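Below: the structure, in structure tokens.
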Amino acid sequence: VSFPATPRWNIDRPYLTGQFVYEVSRLLILKDMLNRLLFSCRRNNDGDRAIGLFAPSVQELLVIDDLLFAMVGIEGKSIRITREKSRDKALTFQVDPSMDLSIQELTKRVLPLCENYMVVSQFNESRLQFKYGLVNHAFAAALRAILQDYHAMVAQLEHQFRLARLSLQGLWFFCQPMMGAMQALAVVVRKAFVKSLSGAAVLNLLQGQAAAIAGDNAARTLLQKLTQAASAPYFGILERWIHEGVIDDPYGEFFIDENKALQKESLSHDFNATYWQQRYSLKNDVPGFLASAAENILTTGKYLDAIRECGQNVRIPFSEDAKLTNSGSKRHYLDKINVAYNFASAELLSLIVRKFDLMGRLRSVKHYFLLDQGDFLVHFMDIAKEELAKRPVALSLEKLQSLLELALRTSVAASDPYHEDLTCSLERSSLMVQLRSFMKNGILKIDSPLESNSEPGSMTGLETFTLDYKTRWPLSLVISRKALTKYQLIFRHLFHCKHVERQLSGTWQAHQATRGLDFVGHSISRSYVLCQQMLHFMQSFEHYMTFEVSIVLEPNWHVMDTKLQSAKSIDEVIQLHDFFLDKCLKECILLWPHILKSVEKLKSLCLQYAIAIQWLIPSLYTLESPAETKKTKRCRGQRLRMNSNVRTSRQMENDFRKEMKELLSLLSSSSQTEPYLAHLAQGLQGQH
Numbered sequence: 014v015s016f017p018a019t020p021r022w023n024i025d026r027p028y029l030t031g032q033f034v035y036e037v038s039r040l041l042i043l044k045d046m047l048n049r050l051l052f053s054c055r056r057n058n059d060g061d062r063a064i065g066l067f068a069p070s071v072q073e074l075l076v077i078d079d080l081l082f083a084m085v086g087i088e089g090k091s092i093r094i095t096r097e098k099s100r101d102k103a104l105t106f107q108v109d110p111s112m113d114l115s116i117q118e119l120t121k122r123v124l125p126l127c128e129n130y131m132v133v134s135q136f137n138e139s140r141l142q143f144k145y146g147l148v149n150h151a152f153a154a155a156l157r158a159i160l161q162d163y164h165a166m167v168a169q170l171e172h173q174f175r176l177a178r179l180s181l182q183g184l185w186f187f188c189q190p191m192m193g194a195m196q197a198l199a200v201v202v203r204k205a206f207v208k209s210l211s212g213a214a215v216l217n218l219l220q221g222q223a224a225a226i227a228g229d230n231a232a233r234t235l236l237q238k239l240t241q242a243a244s245a246p247y248f249g250i251l252e253r254w255i256h257e258g259v260i261d262d263p264y265g266e267f268f269i270d271e272n273k274a275l276q277k278e279s280l281s282h283d284f285n286a287t288y289w290q291q292r293y294s295l296k297n298d299v300p301g302f303l304a305s306a307a308e309n310i311l312t313t314g315k316y317l318d319a320i321r322e323c324g325q326n327v328r329i330p331f332s333e334d335a336k337l338t339n340s341g342s343k344r345h346y347l348d349k350i351n352v353a354y355n356f357a358s359a360e361l362l363s364l365i366v367r368k369f370d371l372m373g374r375l376r377s378v379k380h381y382f383l384l385d386q387g388d389f390l391v392h393f394m395d396i397a398k399e400e401l402a403k404r405p406v407a408l409s410l411e412k413l414q415s416l417l418e419l420a421l422r423t424s425v426a427a428s429d430p431y432h433e434d435l436t437c438s439l440e441r442s443s444l445m446v447q448l449r450s451f452m453k454n455g456i457l458k459i460d461s462p463l464e465s466n467s468e469p470g471s472m473t474g475l476e477t478f479t480l481d482y483k484t485r486w487p488l489s490l491v492i493s494r495k496a497l498t499k500y501q502l503i504f505r506h507l508f509h510c511k512h513v514e515r516q517l518s519g520t521w522q523a524h525q526a527t528r529g530l531d532f533v534g535h536s537i538s539r540s541y542v543l544c545q546q547m548l549h550f551m552q553s554f555e556h557y558m559t560f561e562v563s564i565v566l567e568p569n570w571h572v573m574d575t576k577l578q579s580a581k582s583i584d585e586v587i588q589l590h591d592f593f594l595d596k597c598l599k600e601c602i603l604l605w606p607h608i609l610k611s612v613e614k615l616k617s618l619c620l621q622y623a624i625a626i627q628w629l630i631p632s633l634y635t636l637e638s639p640a641e642t643k644k645t646k647r648c649r650g651q652r653l654r655m656n657s658n659v660r661t662s663r664q665m666e667n668d669f670r671k672e673m674k675e676l677l678s679l680l681s682s683s684s685q686t687e688p689y690l691a692h693l694a695q696g697l698q699g700q701h
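Residue numbers for the sequence shown follow the working numbering, beginning at 14 and rising by one.
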């Protein structure tokens with residue numbers, strides 16, 4: 014009779030020896046169980062004699078019979094099952110101590126196989142339940158195929174025993190080839206059972222155990238095949254994710270987590286929105302064979318989901334040979350993942366840039382918030398002058414909005430197809446307070462604290478006015494509320510500088526009208542010089558930030574614009590845009606608290622001076638009579654000079670020069686690490 018020396022460990026087919034052989038094996042095992050039951054009854058009727066009372070030749074036959082049953086998890090007369098009192102309550106076999114020592118020694122060599130079989134069999138039965146997930150289902154199915162082959166082998170050994178062709182030594186010989194494989198399986202299922210593993214954790218366990226077995230090639234190959242079988246449903250989930258952007262994961266086994274509470278609408282109104290970063294995220298358990306591509310896998314499905322949220326149906330084209338399987342080398346499926354990533358990235362970027370005109374939107378935002386076409390702002394400040402001078406509580410947002418729309422329609426901005434998305438907004442606090450709030454919340458990286466010089470009660474619309482912009486999905490990925498807030502910080506800074514410059518320009522015009530009057534002393538001349546110095550300061554500071562020859566807004570915009578042309582993904586676009594805004598904030602000295610504080614003090618002095626002079630000079634024209642003589646005008650000028658508070662004017666001049674000197678000192682000390690500050694210092698000093 015031909016008898017196989019080793020079992021056929023092949024899990025590629027569900028029934029390894031065929032359905033017929035499997036059913037025959039089960040019938041033989043059932044028959045032997047009945048025979049064993051009858052044999053036990055006869056032995057019990059024989060007075061329940063210990064096995065040691067029989068001759069060694071008889072003991073061998075009885076032990077072989079018991080071992081064949083033990084190999085399928087059934088205890089016998091001389092081989093009993095006991096449960097250990099350990100945490101995992103493992104099952105062990107105990108032999109009758111009266112057994113012949115030589116037979117007992119051979120028996121104990123076979124018993125580990127029986128114990129390991131029971132562990133694997135019990136795990137296999139338990140993991141067939143739905144609650145354990147698809148990976149455990151596939152793993153249990155693969156184990157069941159192995160156990161079917163094992164049962165067939167036991168049936169063949171039983172057949173040889175009934176033909177009196179199997180000795181205990183022969184049984185040990187035929188069991189040896191499967192000892193290592195069954196031991197490896199038992200180690201895996203014990204760990205999986207104790208830790209209640211599922212999903213990626215099971216795959217990592219199988220992969221790690223296969224890598225740890227260096228000397229047993231058969232056991233390592235078996236575990237590798239088990240890994241392939243168990244990962245089949247996992248690759249099915251992965252395939253749908255990277256081809257459609259859908260997570261079909263009923264048991265929560267996939268290594269990507271979906272937070273359905275986060276909605277895309279939050280990007281437009283929530284500064285701290287985390288939709289794009291946390292709507293989909295990686296879990297801690299990532300299969301080892303996918304770890305190197307985990308980020309690309311996450312991003313691929315996220316891009317496809319974003320395209321679907323835009324109302325576009327997209328599916329990555331693939332052929333049958335492109336089906337993802339964990340067979341062969343990693344390159345087989347990693348290359349397909351990279352192809353899917355490149356396709357999804359290009360599709361989403363093309364959709365946002367072309368259909369939704371991302372660059373046109375960014376240029377529109379730049380026109381208004383960075384004042385590269387500031388004629389609309391000049392017109393708006395002219396027609397909204399009275400309204401902006403009111404306290405915040407008295408301001409009418411609807412009136413400001415109508416005035417802004419009028420300014421847009423009568424300026425170059427009317428040619429912008431997106432100018433209707435520009436709106437007005439009023440902040441509750443000053444720019445300095447807003448920056449300090451962001452610093453406390455860790456939103457902006459500012460090394461030292463900020464102080465505000467503006468009291469809430471003294472603020473007007475000029476300090477609280479800002480612009481806003483309507484953005485919708487998917488443009489809100491790039492022009493998010495967070496990005497718009499940074500634009501608003503820059504705009505408020507520029508807007509207030511423009512307001513101070515306009516006030517100083519009005520003061521300069523008022524000075525020009527005093528040339529026809531005859532004054533005694535030099536107070537008007539000194540005031541004129543101070544006005545020129547203040548106006549030079551404000552114009553140089555604005556020139557540094559905004560105009561094309563500057564080194565801040567325009568050059569940074571051109572750098573970003575150039576890099577965006579070669580961007581490969583929407584994440585790269587978001588990163589470039591954020592970097593542009595952060596750099597502009599820093600180079601506009603909004604992230605330099607000491608320098609910003611000094612600039613704010615200078616602006617405050619400029620406003621105080623402009624208001625005082627614009628109130629004082631008109632009083633010079635209140636002449637008593639057109640027929641006044643030259644001598645009368647001269648005397649009147651002397652009296653007016655005496656009442657013009659020369660002391661205050663000189664104090665302002667001294668304070669301005671002091672603050673200017675301090676500002677230049679701060680710029681000089683920081684210019685070693687930040688060259689753009691040296692450029693600003695040179696501009697303020699009049700050195701070109």
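Glycine included, each C-beta is placed from N, C-alpha and C at the ideal position. The structure presented is a predicted model; accordingly, all values stated were derived computationally and were not measured.
Cα-Cα separation between H380 and L594, rounded to whole angstroms: 15 Å
Cβ-based burial, E707 [other Cβ within 10 Å; buried from 16]: No information on residue 707 is available, as it lies outside the stretch 14 to 701 that the chain covers here.
From V108, R96, L311 and G228, residue whose alpha carbon lies closest to that of L75: V108
D434 versus E400: straight-line alpha-carbon distance, rounded: 22 Å
Nearest residue (CA-CA) to M551, options L620, G212 and A199: L620
Under the three-state DSSP convention, the category V108 falls into: strand
Identity of the residue in L219, G146, M192 and E118 nearest Q711 by Cα: Absent from the model: residue 711. The displayed extent of the chain is 14 to 701, so no value can be given.
contact_flag[the region 181 to 200, the region 119 to 131] where n(CB pairs < 8 Å) is 3 or more: yes
E271 - partner residues in DSSP beta bridges: Y293
Alpha-carbon to alpha-carbon, P405 and W628: 24 Å
Option nearest E308 by Cα separation, candidates Y354, R328, K277 and V123: Y354
For F369, three-class secondary structure by DSSP: coil
Of the residues L615, I503 and Q546, the one placed nearest M599, counting alpha carbons only: According to the sequence provided, residue 599 is Lys. The question's Met does not apply to it. Among L615, I503 and Q546, the Cα nearest to that of K599 is on I503.
N- and C-terminal bounds of the alpha helix (DSSP H) containing D591: I583 to E600
Candidates N285, A158, V586 and H512, of which the one nearest V491 by Cα: V586
Distance, H345 Cα to A224 Cα: 20 Å
Rounded C-alpha distance that separates L383 from W570: 10 Å
Where C437 falls: helix, strand or coil (DSSP): strand
Residue of I255, P246 and L615 minimising C-alpha distance to P263: P246
Whole runs of the alpha helix (DSSP H) within the region 68 to 145, excluding any shorter than 4 residues: 69 to 83 and 114 to 139
Completely contained alpha helix (DSSP H) runs for the region 147 to 209, where each covers 4 or more residues: 181 to 207
Beta carbon of I92 nearer than 9 Å to that of D113: no
Rounded C-alpha distance that separates I396 from F267: 60 Å
T338 - DSSP class collapsed to helix/strand/coil: coil
Identity of the residue in I602, R328, L371 and I116 nearest G65 by Cα: I116
Neighbour-count burial assignment, T120, 16 or more Cβ in a 10 Å radius: buried
Secondary structure of F669, DSSP reduced to three states: helix
Classification of P300 by the beta-carbon crowding that lies within 10 angstroms, buried from 16 upward: buried
Beta-carbon gap between L303 and A580 smaller than 9 Å: no
First through last residue of the beta strand (DSSP E) which encompasses F284: Looking at the DSSP string, F284 is not in any beta strand (DSSP E), and its letter there is neither H nor E.
Counterpart residues of L507 in DSSP-defined beta bridges: Bridge partners of L507: none, in fact.
Simplified DSSP state of D318, which is helix, strand or coil: helix
Secondary structure of Y689, DSSP reduced to three states: helix
Residue nearest to K296 in terms of C-alpha spacing, selected from A68, R96 and I269: I269
Reduced DSSP category for D348 - H, G, I as helix; E, B as strand; rest coil: helix
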